[in-house]
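A short worksheet on the structure shown next.
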Amino acid sequence: MNRFAALIDRLAYEPRRNGKIRLIADYFRHVPDPDRGFALAALTGALSFRNAKPGLIRQLIAERTDPVLFALSYDYVGDLSETVALMWPALPKPEEAGLPTPSPSLAAVVDTLTHMGRSEMHAVLAGLLDRLDETGRWALLKLITGSLRIGVSARLAKTAVAALGTLAPDDIELVWPGLSPPYAELFAWAEGRGERPETSDPTPFRPVMLAHPLEEADRDNLVPQEFRAEWKWDGIRIQAVRAHTVDGHPATRLYSRTGEDITGAFPDLADALAFEGAVDGELLILREGRVQSFNVLQQRLNRKVVSAKLIAEFPAHIRAYDLLVDGTEDVREEPFDARRARLEALIAAQPADGRLDLSPLVPFSTWEELTAARADPAGHGAGPDAEAVEGVMLKRADSPYVPGRPKGPWWKWKRDPHNVDAVLMYAQRGHGKRSSFYSDYTFGVWTGENAGEGELVPVGKAYFGFTDAELAEIDRFVRRHTVNRFGPVREVVHTATEGLVLEVAFEGLARSARHRSGVAMRFPRIARLRWDKPPGEADRLATLEALLRQEGEGAGEGAGEGAGEGAGEGAGEGAGEGAGDGDGGAAPPASRRAARRDRDAT
Amino acid sequence: MNSTERSTAPSTLRPEDLLRPTPRGLYSPAGDFFIDPTRPVPRALVTHGHSDHARAGHGAVLATRQTLDIMAIRYGEDFAGQTQAISYGETVEVSGVKVTFFPAGHILGSAQIRVEKDGCRIVASGDYKPGSDPTCTPFEPVACDVFISEATFGLPVFRHPDPMEETAKLTSSLALFPERTHIVGAYALGKAQRVIALLRAAGHDRPILLHGAMERLTAYYESQGIALGPVKPARDAQPSELPGAVVIAPPGSLAEVWSRRFADPVTAFASGWMRIRARARQHGVELPLVVSDHADWDDLQHAILATGCAELWVTHGQEDALVHWAGQAGLAARPLHLVGYGEEEAESGAAPATPPAAEDGAGGSPEGSLKGSAS
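Listed in order, the protein sequences are those of chains A and B.
First residue of the first sequence: 5, per my numbering; consecutive thereafter.
First residue of the second sequence: -3, per my numbering; consecutive thereafter.
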């Protein structure tokens, strides 16, 4: 446990990617199985303990500290594990009762946390915390809360495994879904002592390929003829896998882009599929052949009970754009064009009214033509489904399907976001890396006939989009212009003449009963700070309402709930330490955040 | 004890008439002076030389000799219309208010200020720390009716470790990476010199390289009899001297071009904030050293209780938590919500150290003067 604690403590302070890889690989080299395997599991987020949950940690600390002081400390530190590790009262030095108890091994700790019953866990965890020093307590609590937040992604940890020998990180990715802790066979393979681990699962998840956002400068260096374009659908990335088990029965599994098995949430879809292979595509809701907006899809997501009514009202559908396995043949090494031809053949063999169809290619020969298509999908082949198009995807014709987010082969080119000038109204302290900075901003627009008239009503909340320097500036503004305090939230001055105008970019609007303004923004982020602009010149609510009408009011009542607030996590690799991964009350439910992350996956 | 004895004496003066918070800082209506004002005022009492407490442009300044010297080094000789030096334990009368300075143990020359009139005694402690520090006179508790305390580290997550243990982290890193320069971020006034003194106590005897921002202040510490061993400007160091050398620099310079001259440096940061991992990571610090010149959570409680005060006023920092604790400890307590403290000080790390010359108050008019008669 001590070595693991020391490792993640050093990782937390190591800013350089290569430095992190070296530290992890060094740990793997010097720590034997199974301890190193459980460390890998912790770094990749593969550990979860049924009877040891954050709630228990809160209970333990509540029994030992003043609740007000704990709340203030937690608000300040922004991390439950660290707060508790720092506040945990030190035991008086024990009388010399024989030999000092050695620190338990990581494997022993994991075993205890995994197998101890609920009733015993309370005392066992307290005993462990009493025996460990501050770093050890922090590491133990990190294991339990499950989010290490030390700037190490699962990909980085796998890269460190690869660094033990001559494997490439992608080699690890490909076998990873079939493995489980403590990964002894993986280490043996990586160190050249064993065979490549084989999965016995007939329908495994295969890591998805992701795209980089396309910037103007990138596009200038790309040759149109080398790329294929598709619509970027505003749904959820899905991988559908069908195969025959050893006893000959067909099996179907549906995975989210992170490899979460979501088959149970879409029994209608799983039953309707008939192909054999692994299809990559977008999960959408179709009604009478038309793709519905993301707001509609969201009403089907994250329901505990999947009722017949829900299935009938929100029929799930896959719009396919790639093929990873054709029959039983893994085709990921083939170029995009070849996979595309296979996919078209596979779809053509499906019943026409089925739940699986093909995402069409968008023909173009110059960037101008594609720009025009992106600006007007309805007039360029998307027809009535244009509302569910949020941009175009660009894929190199010769690109193999590789896991992760390689830069170059795939690009996402979203439609231009909407912008609005809003006034900062409330600020809340952030979590994780942003703890102690006021980094969550609620902003509003004017209700009056003209800008600066009426009152400001909140229309959204954003906690990213700004640079570190801008964060420091806003933080200073907040501290110096506080007019009211509500626990961790500060109200800042916001009148027509005094206050801070934020240029907010967002992807769309929905009606919301939860916001007093009646609207909620999708994916809002701070585009610019407008120190130059008096708050009285910020935008009016009427502007947003007009936009809402223009957007077609596709959403049902209540669909926009919380839609404006969950966006922080889209960036994937390396972004795990961003603002969006706080475990505080301000964050939206994890399930909704996960949905949003999946949605933004392509 | 002492305070109850005093409070039974007839006191016609309410504490608020003796000292009260204003937008410009603590103001004494009875004595017509400010303590650590954040804007130029006619008459200022200054607790210590950090830029958020000691600003230029006041009409008259009363402070310890060392604080006045430090202000002159940072702002120039003409930083105020008039100056008057006061020693620890000495009492001066300002417009009928008795003013006495006591050591605060924060940095060289730092003081707590007791103001007293008609049996009402208030101690404005500025920034302070109990405990040992070879670079300044130790803090001593001062009996009073109202104690005014900072709360920079006023949360139970802040318990500063033994500074020698933290220094050992630095010396063992030097042993582990003898080829790498170790850049230690430290506030130019106080922390830098304390880190040097700690390194000397740990047996580190190589010349220590200084960023330009701390050369004069470090020389001043030496002139005041604080032995810091061999130091030299970093810009004069030969390339052959850099491996394994310790460089002390303002925290703001760690991420700047300045630090790029050192190949593959280890970046350390000496500050109480380093207790919080996210803080260290915000600065890209690889070697956090929890060394603070402020009282930690336990220190604050002991220091406050040792004054025997009945009432606690909390200035800057984590005032909510300290006020909550004080209430439970049976003290009347309230936050003053003073603004402008703790933000300029580079130890907070949020912004690079503001060069004192850039302060807009530097050209303020020195129209006021010490009207009170010194006794």
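We put the CB at the ideal spot given by N, CA and C, even for glycine.
Keep in mind the model is a prediction, meaning the values are calculated, not measured.
{"query": "B/Val374 at chain A interface by Cβ criterion, 9 Å", "result": "The structure shown does not extend to residue 374 of chain B, since chain B is modelled only from -3 through 371, so no value can be given for it."}
{"query": "Chain B within 9 Å of A/Arg21, Cβ atoms only", "result": "no"}
{"query": "Members of the region 143 to 156 of chain B that neighbour chain A once the beta carbon cut-off is set at 7 Å", "result": "Leu151, Pro152, Val153"}
{"query": "Validate contact between the region 279 to 298 of chain A and the region 374 to 394 of chain A using beta carbons, cut 8 Å, 3 pairs", "result": "yes"}
{"query": "Contacts around A/His422, its chain only, beta-carbon distance under 6 Å, and the 5 residues preceding and following it disregarded", "result": "Phe510"}
{"query": "Outcome for A/Ala349 when other beta-carbon atoms lying within 10 angstroms are tallied against a minimum of 16", "result": "exposed"}
{"query": "Where A/Gly383 sits in the DSSP three-state scheme", "result": "helix"}
{"query": "Whole-Å CB distance - A/Val482 paired with A/Tyr442, under 8 Å assumed", "result": "4 Å"}
{"query": "Span separating the alpha-carbon of A/Val128 from that of A/Leu76", "result": "27 Å"}
{"query": "Which residues DSSP lists as bridging A/Gly512, in chain order", "result": "A/Arg526"}
{"query": "Touching by the beta-carbon criterion (3+ pairs, under 8 Å), the region 290 to 302 of chain B and the region 144 to 163 of chain B", "result": "yes"}
{"query": "Which of helix, strand or coil DSSP assigns to A/Val179", "result": "helix"}
{"query": "Beta-carbon proximity of A/Leu328 to A/Arg400, cut-off 9 Å", "result": "no"}
{"query": "Residues near B/Ala241 by beta carbon distance below 6 Å, same chain, minus five either side", "result": "Thr177, Leu205"}
{"query": "Beta carbon proximity, A/Val81 to chain B, threshold 9 Å", "result": "yes"}
{"query": "Within-9 Å CB hit, A/Ala278 to chain B", "result": "no"}
{"query": "CB contact below 9 Å: A/Gly352 versus chain B", "result": "Just to set this straight, residue 352 of chain A is Ala in the shown sequence, not Gly. No - not a single Cβ of chain B is within 9 Å of the one on A/Ala352."}
{"query": "For B/Phe97, the residue or residues it bridges with in DSSP", "result": "B/Tyr84, B/Ile109"}
{"query": "Supposed contact pair A/Lys465 and A/Leu218 - C-beta distance, whole angstroms, cut 8 Å", "result": "Actually they do not touch by this definition, with Cβ atoms about 27 Å apart."}
{"query": "Interface flag, B/Ala276 vs chain A, CB-CB below 9 Å", "result": "yes"}
{"query": "Among A/Val463, A/Leu460, A/Ala167, nearest to A/Asn22 - alpha-carbon criterion", "result": "A/Ala167"}
{"query": "A/His119: first and last residue of the uninterrupted alpha helix (DSSP H) it sits in", "result": "110 to 119"}
{"query": "Of the listed residues B/Leu41, B/Pro11, B/Ser83, nearest to B/Arg20 (C-alpha basis)", "result": "B/Leu41"}
{"query": "Exposure label - B/Met160; buried when at least 16 CB within 10 Å", "result": "exposed"}
{"query": "Buried or exposed (CB count within 10 angstroms, at least 16 for buried), A/Gly140", "result": "buried"}
{"query": "Stretch-stretch touch, CB-based, cutoff 8 Å, three pairs: the region 75 to 86 of chain B with the region 211 to 226 of chain B", "result": "no"}
{"query": "Any non-hydrogen atom of the ligand NAP closer than 8 Å to B/Ala259 Cβ", "result": "The ligand NAP is not among the ligands present in this structure, which contains no ligands whatsoever."}
{"query": "Local Cβ density within 10 Å of A/Leu15, reported as buried at 16 or more and exposed below that", "result": "buried"}
{"query": "A/Glu477 versus A/Gly452, A/Leu506, A/Glu457, residue with shortest Cα-Cα distance", "result": "A/Leu506"}
{"query": "Member of A/Arg246, A/Ser260, A/Ile176 whose CA lies at the smallest distance from the CA of A/Phe279", "result": "A/Arg246"}
{"query": "Which listed residue (A/Val156, A/Leu398, A/Pro388, A/Asp425) has its alpha carbon closest to that of A/Ile12", "result": "A/Val156"}
{"query": "Start-end ranges of the alpha helix (DSSP H) lying completely within the region 207 to 263 of chain B, minimum 4 residues", "result": "211 to 219"}
{"query": "Nearest-angstrom beta carbon gap, A/Leu190 and A/Val212 [assumed within contact, 8 Å]", "result": "In fact, because the Cβ distance is near 20 Å, the residues do not count as touching under 8 Å."}
{"query": "Any C-beta of chain A under 9 Å from that of B/Pro284", "result": "yes"}
{"query": "Residue environment, A/Trp414, which counts as buried when at least 16 other CB atoms sit within 10 Å", "result": "buried"}
{"query": "B/Val42, DSSP secondary structure in three states", "result": "coil"}
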